[in-house]
Amino acid sequence: MSWLSGPLIFVLAVFVIAIILVNKWIRVVPQQSAYVVERWGKFHVVLEPGLRFVVPFVDRVAYRHNLREIPLDVPSQICITKDNTQLQVDGILYFQVTDPRLASYGSSNYVVAITQLAQTTLRSVIGRMELDRTFEERDHINAQVVEALDQAAARWGVKVLRYEIKDLTPPKEILHAMQAQITAEREKRAVIAASEGKKQEAINLAVGAREAAIAQSEGVKQSEINTAQGQAQAILAIAEANAKAIRQVAEAISSPGGMNAVNLKVAEQYVAAFGNLAKTNNTLIVPSNLADLGTLVTAATTMFKTHG
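In the working numbering, the protein residues as written are 642 to 949.
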């Protein structure tokens, strides 16, 4: 048993040493990760994701980096605006390691460096703005912080992707003043809206009255036009009737026996006229020469013949 125990112990020792050597020799790098390997304390190589091999007891994995996008909560701080107002600002920063070698040797702690630089840059940007602009230009503040951080972080192998302001909190006194200003502004808009409504109402009433007056005048105008047209048509109808009557009289005169009828009619009217003249006075008026009656009839007959 003592003879077997020695080789067994040797085999076990060799097996343990082999396991240790394999563990030191083989490295499995996860996806979206990078290992920085040093040889004899000096940078040697960056191991990419997958199965990788190193020299045991010579190479050492000095740094392990996560290559995914990393959110970093920037602690809140007090910033002074251009109009000397204190403003508590809280933000979050997103960055990504792009160069594992620079991230390992460019800075002793790139996370702390980015955080401090984000705070100082934010104080500088807000210090150039008035309080009201800080609430309106968050995107501008975020862009300037990212620009300043990206230039500095390039030396650390880090890419700053974006910065977002989470909260902007002014002092309570400023908040009360801002709330009062907002209330006054809303009341002002309400008064303006009411006055605009009254103005529009007056305009609508005036426009309605104007349109009603125009419609009424158009009605009167159309009525007068219709009356004039009716009168013109009536005159035209009377004139046409008179013309028709005259034509009929002329035709009757031209027909056989028509002239005799005219002579008789003239004589009747002559006699009737003397009769009416005699009735207007108590004195009886008699023609001085009864023969004039025949002469008058003959003259009238001659006139009709001439016009015919």
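A virtual CB, placed ideally from N, CA and C, is assigned to each residue, including glycine. On a predicted model such as this, the values are computed, not experimentally measured, just so you know.
Assigned exposure category for residue i - 16 Cβ within 10 Å defines buried
{"i": "F694", "result": "exposed"}
{"i": "V655", "result": "exposed"}
{"i": "P897", "result": "exposed"}
{"i": "I876", "result": "exposed"}
{"i": "L790", "result": "buried"}
{"i": "I721", "result": "exposed"}
{"i": "V715", "result": "buried"}
{"i": "T824", "result": "exposed"}
{"i": "I755", "result": "buried"}
{"i": "V730", "result": "buried"}
{"i": "V801", "result": "buried"}
Contact belief for residue i with residue j at Cβ below 8 Å, rounded distance in angstroms
{"i": "A793", "j": "L743", "result": "Actually they are not in contact, since the Cβ atoms of A793 and L743 sit about 12 Å apart, beyond 8 Å."}
{"i": "E771", "j": "D700", "result": "Their Cβ separation, rounded to whole angstroms, is 57 Å, which puts E771 and D700 out of contact at 8 Å."}
{"i": "Y676", "j": "L688", "result": "4 Å"}
{"i": "G798", "j": "T762", "result": "Between T762 and G798 the Cβ distance is about 19 Å, and since that is not below 8 Å, they are no contact."}
{"i": "L657", "j": "V678", "result": "At residue 657 the sequence reads Val, which differs from the Leu that was named. The pair is not a contact, with the Cβ atoms about 25 Å apart (cut-off 8 Å)."}
{"i": "I667", "j": "L692", "result": "7 Å"}
{"i": "Q718", "j": "Q760", "result": "5 Å"}
Own chain residues within Cβ distance below 7 Å of residue i, not counting five before or after
{"i": "V766", "result": "I782, Q785 and V786"}
{"i": "P671", "result": "P690"}
{"i": "V752", "result": "L713"}
Other residues of its chain near residue i: CB distance less than 8 Å, five sequence neighbours each side excluded
{"i": "P812", "result": "T726 and Q727"}
{"i": "Q673", "result": "P690, N707, L708 and R709"}
{"i": "H685", "result": "V678, E679 and D700"}
{"i": "T775", "result": "T722, L728, I767, I782 and L809"}
{"i": "W644", "result": "With a pLDDT of only 49 at W644, under the threshold of 50, the placement of this residue in the model should not be trusted; the figure read from the coordinates follows. Closer than 8 Å at Cβ, skipping near neighbours: no residue."}
For residue i: DSSP bridge partner residues
{"i": "Y704", "result": "V677"}
{"i": "T810", "result": "Q729"}
{"i": "I667", "result": "F694"}
{"i": "V686", "result": "V678"}
{"i": "V715", "result": "G732"}
{"i": "E805", "result": "I733"}
{"i": "I876", "result": "BP columns for I876 are empty, so no partner."}
{"i": "V799", "result": "V738"}
{"i": "I721", "result": "Q727"}
Same chain only: Cβ atoms within 6 Å of residue i, ignoring 5 sequence neighbours per side
{"i": "K665", "result": "P697"}
{"i": "L931", "result": "Here the model assigns L931 a pLDDT of 49, short of 50, so the residue's position is not dependable, and the following value carries that caveat. Correct list: empty, nothing qualifies."}
{"i": "A873", "result": "none"}
Distance cut-off 6 Å: residue i Cβ against heavy atoms of the ligand SAM
{"i": "N725", "result": "As far as ligands go, the structure on display features none, and thus does not contain the ligand SAM."}
Review point. Is the segment 731-740 close to the segment 705-714, with three or more CB pairs under 8 Å?
Key: yes
Check your understanding: Taking contact to mean at least 3 C-beta pairs separated by less than 8 Å, is the segment 801-815 in contact with the segment 743-754?
Key -> The segment 801-815 makes no contact with the segment 743-754: fewer than 3 CB pairs, one atom from each, lie closer than 8 Å.
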